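J.: Residue numbers (full-length UniProt numbering): 1 to 306.
A virtual CB, placed ideally from N, CA and C, is assigned to each residue, including glycine.
Given the structure is predicted, the values throughout are model-derived calculations rather than measurements.
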């Protein structure tokens, strides 16, 4: 039995989230990234694993959230005791996803030792949130390629104070309790709401397709945030709070209050939670030396196959 680390990208619009919504490993859930990946691992290549593939996602993105690079791990057992060729599996999985109409692509796969864990070995995770602001009276002229890929905020450029938005990012930096930026915990799990943001920046962005003349009607922006981990809804609520401040709906004192008196009850109801369509998981960062040390080298694969 060998563990494999999977790097993947996906458009999350049609999926109910990265994690399966069915608590039964025997049942498929093609409406989740995890479920679709497990289905592909069961049937996309030959010979199939002797043990059923159970995927563990490193970063559980919400419904409608996209990913340039998310990671997962799975344990497979070759019937002949060999190690599956990573390039072969990657090609077969991508072919299966394309034929089945899934907007998931495998970037790469590598066999790893048991000491490496896709979730717990991660040093940090980086997200960015993409939004668009109309320059004039063009709110309803959003470029077609941006639909479901960006948040068209319901303000014009003159109504948004981008500099105030940039200044307000400082309020979130460092180690904070983000209970106010997550809904009530309805599970039986104890959740640690104290998180440390390593990065929170606001930068102008390019249109997804310059050839579309409607792209010139909007200004595009990315809010990038990096931390070791996040709580549910945290990034989208941070974006919503920043947008509320930039539009004059709230001020810095209101944000400070939510951070200093942390509770799901203290989320400011004047604010909107940013929709999932603009959120992208940009990367899951690992220690390069640890990953290299825990990767089973190609030479070993060739030796075992002989």
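1. Does the distance from the CB of residue 82 to the CB of residue 49 come in under 8 Å?
2. Taking C-alpha atoms, which residue in 85, 27, 40, 238 lies nearest to residue 297?
3. Would you mind reading off the limits of the alpha helix (DSSP H) that contains residue 258?
4. Under the three-state reduction of DSSP, which class applies to residue 302: helix, strand or coil?
5. Ignore the nearest five residues each way along the sequence and tell me which others in residue 232's own chain have a CB closer than 6 Å to its CB.
6. Skipping 5 residues on each side, what residues in its chain have a beta carbon closer than 6 Å to that of residue 239?
7. Kindly give me the distance between the Cβ atoms of residue 259 and residue 168, rounded to whole angstroms, as I take these residues to be in contact under 8 Å.
8. Quick check on DSSP: helix, strand or coil for residue 115?
9. Please determine if the region 86–101 and the region 53–61 are in contact, where contact requires at least 3 C-beta pairs separated by less than 8 Å.
10. Flag this pair as touching only if the region 282–296 and the region 159–168 have three or more C-beta atom pairs under 8 Å; answer yes or no.
11. Touching or not, the region 6–18 and the region 102–119, by the rule of three or more beta carbon pairs under 8 Å?
12. Note down the Cα distance separating residue 246 from residue 43, rounded to an integer number of angstroms.
13. Would you be able to state if there are at least three C-beta pairs under 8 Å between the region 206–223 and the region 179–197?
T.: This is what the structure holds:
1. In the chain shown, residue 82 corresponds to position 82, counting from 1. In the chain shown, residue 49 corresponds to position 49, counting from 1. Result no, Cβ atoms of residue 82 and residue 49 do not sit closer than 8 Å.
2. Locating residue 297 in the chain shown gives position 297, counting from the first residue. Residue 297 has its Cα closest to that of 85, out of 85, 27, 40, 238.
3. What you label residue 258 is simply residue 258 of the chain shown in a count that begins at 1. Per DSSP, residue 258 belongs to the alpha helix (DSSP H) from 252–260.
4. Position 302 of the chain shown holds residue 302. For residue 302, the pLDDT reaches just 45, beneath the cut-off of 50, and the residue's location in the model is therefore unreliable, although a value from the coordinates is still provided. Three-state result, residue 302: helix.
5. Counting from 1 along the chain shown, the entry for residue 232 is found at position 232. So the list reads 182, once near-sequence residues are dropped.
6. As a position in the chain shown, residue 239 is number 239, starting the count at 1. Excluding sequence neighbours, residue 239 sits near 129, 223, 274.
7. Within the chain shown, the letter at position 259 stands for residue 259. Within the chain shown, the letter at position 168 stands for residue 168. The pair is not a contact, with the Cβ atoms about 11 Å apart (cut-off 8 Å).
8. As a first step, residue 115 is located in the chain shown; it is residue number 115 there, counting from the start. DSSP places residue 115 in coil when its eight states are reduced to three.
9. no
10. no
11. yes
12. Here the question's residue 246 lines up with position 246 in the chain shown. Here the question's residue 43 lines up with position 43 in the chain shown. In a straight line, the C-alpha of residue 246 is about 50 Å away from that of residue 43.
13. no
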